[in-house]
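In what follows, a structure is listed as structure tokens, so that the remarks can point back to it.
Number of protein chains: 2
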Amino acid sequence: MPMSEALSMEGDIVTAMASTDETGNKKTTFTIGELAKEFGVTLRTLRFYEDKGLINPRRDGQNRLYNRRDRARLKLVLMGKQVGFSLNEICDMLDLYDLRDGQVVQLRVALDKFNQQIDVLKQQKSHIEQAIDELSRTVEVVSGMLKQKEASEK
Amino acid sequence: MPMSEALSMEGDIVTAMASTDETGNKKTTFTIGELAKEFGVTLRTLRFYEDKGLINPRRDGQNRLYNRRDRARLKLVLMGKQVGFSLNEICDMLDLYDLRDGQVVQLRVALDKFNQQIDVLKQQKSHIEQAIDELSRTVEVVSGMLKQKEASEK
DNA sequence: CTGGACGTTTACGCGAACGTAAGCTATCAC
DNA sequence: GTGATAGCTTACGTTCGCGTAAACGTCCAG
């Protein structure tokens, strides 16, 4: 009984980009609830992503019906978020990915985005490190002040 | 002629906490424009901080008049932001700092906040590092794919 | 008198990513 | 019939830290 699905994001971006993972997995369509549970998001989130043009499920009457491709896109969206892309950026990249023609061009553009994002992340990391340093210094000094105070108040 | 004021935040939290820096500096009151220029913020920002209760300048008629204490508080606000505190958190800490009585108690509370924030920052740093790793791996793979494609398309 | 610098207020906008109803439908089991 | 479950749509609310007018007052130099 597959009850303990992956909650904390397994697999990486590249395998998700492969998308057509016909690895013997039988299920080909999903309801919104199934997908939500599987990826640990709310229904609202999935509808929101659709509204933003990130996913476009078919309809069974008025109910949404997701296929494997939709599922793969969702996976990419969530992983894109994890590495700090905004939904808009992810949207651009997915659109690009859908223009399955040049192939090489897409890959190059994606590669560029990835490298840019790495730079952004490195900058953020640097800022955070500076903040940690500053706070650590402050903690040192304040601790010292506390000890003095405590001593003199005795 | 003091024209090149500090734009990129000089001094640290501790010296700012000392606040009563009577280091021969004559000026004791400031207009909103002066303070804005000195710290590189907009007038809107200063008014916003006042609205949030972070600074409470006196009034000259209806114009704001900042004294050295207000200036010191502003400095603390900006440095608090730099190390990742929200304005609300900063507000709490400033209020606490104004209850100049226990002294020791304030310092302890502040110390606690600082240490907590250090933890938060360390977590953020860790997340960012993971993201960088993931993206780096992806870049590796995609670069490889590109080379293959380029070779086979020749 | 006119313009410019400097200041004031109130108040809506934004961008990101959804949360949170409100009110409705459809299906199923019991 | 009746409640639970799962879905739908529309649309306003939220958090943060201001930006950006709009519309006005005050003072000074030329």
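So the protein lines, in turn, are chains R and S.
Just so you know, we're using the numbering used here here: the first sequence kicks off at 162 and counts up by one.
Just so you know, we're using the numbering used here here: the second sequence kicks off at 162 and counts up by one.
Ideal Cβ positions, reconstructed from N, Cα and C, are used throughout, including at glycine.
For Q285 (chain R) and G245 (chain S), the gap between their C-alpha atoms comes out near 12 Å.
When the beta-carbon positions are compared, V303 (chain R) and L282 (chain S) stay at least 7 Å from each other. Residue state for F191 (chain S) is assigned as strand, using DSSP reduced to three classes.
The segment 189-199 of chain S makes no contact with the segment 295-313 of chain R; the number of CB pairs closer than 8 Å stays below 3. Following the DSSP letters along the chain, one finds L226 (chain S) inside the beta strand (DSSP E) bounded by residues 224-228. In the three-state DSSP reduction, D173 (chain R) falls in the coil class, being neither helix nor strand. Between the alpha carbons of V238 (chain S) and L268 (chain R) lies a distance of about 44 Å. The beta carbon of N228 (chain R) sits closer than 8 Å to those of T189, T190, F191, P218, R219, all from its chain and outside the five residues before and after it, given in chain order. Linking G305 (chain S) to T299 (chain S) through their CA atoms gives a straight-line distance of about 10 Å. Relative to the Cα of N276 (chain R), the nearest Cα in the group S:V266, S:D294, S:D280, S:V270 belongs to S:D294.
Across the segment 275-295 of chain R, CB contacts with chain S closer than 9 Å involve F275, N276, Q278, I279, L282, K283, Q285, K286, H288, I289, E290, Q291, A292, I293, E295, in sequence order along the chain.
A distance below 8 Å between beta-carbons, with the five flanking residues on each side excluded, links C252 (chain S) to the following residues of its chain, in chain order: K213, G214, L215. Across the structure, H288 (chain R) and K242 (chain S) are spaced so that their CA atoms are roughly 12 Å apart. Under the Cβ criterion of 7 Å, T190 (chain R) is not counted among the residues facing chain S.
Secondary structure remark: continuous alpha helix (DSSP H) runs of at least 4 residues inside the segment 197-275 of chain S, in chain order: 204-212, 229-243, 248-259.
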